[in-house]
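Asker: Can you read through this structure? Questions will come right after.
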Amino acid sequence: GHIEGIKLDLNSKPEFCETCMKAKAKRKLFPKQDQYEYVENAGNKVVGDLMGPMSVISLGGACYACTYCD
1 GHIEGIKLDL NSKPEFCETC MKAKAKRKLF PKQDQYEYVE NAGNKVVGDL
51 MGPMSVISLG GACYACTYCD
């Protein structure tokens, strides 16, 4: 049905809406890689993850945490 009280000009061009474009945006897929990547020696590959800000602050006042895995 129709909405009362709103008049639309069906012949007008729709306006560009930057927010709509961002909401509909899609990122490109990451390239496919092997599920497991083997390294020869310790330290050849180190990965890290930064988390925060946390809702609970540490005794030292920190609200972020960082983990590393070799």
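In full-length UniProt numbering, the protein residues as written are 1 to 70.
Quick reminder that beta carbons are idealized off the backbone N, C-alpha and C, glycines included.
Every value quoted in this text rests on a predicted model; they were computed, and no experiment measured them.
(1) Can you grab the Cα-Cα spacing for the pair tyrosine 68 / lysine 32, in whole Å?
(2) First and last residue of the beta strand (DSSP E) that includes methionine 54?
(3) Locate the beta strand (DSSP E) running through cysteine 63, then write down its first and last residues.
(4) Shorter than 8 Å from the beta carbon of leucine 59 to some beta carbon of chain B?
(5) For aspartate 49, which residues from the same chain have a beta carbon less than 6 Å from its beta carbon, with the 5 sequence-adjacent residues on both sides left out?
Answerer: Once the coordinates are examined:
(1) 24 Å
(2) Per DSSP, methionine 54 belongs to no beta strand (DSSP E) and is neither H nor E.
(3) No beta strand (DSSP E) holds cysteine 63; DSSP gives it neither H nor E.
(4) Protein chains in the displayed structure number just one, and chain B is not present.
(5) Thr67
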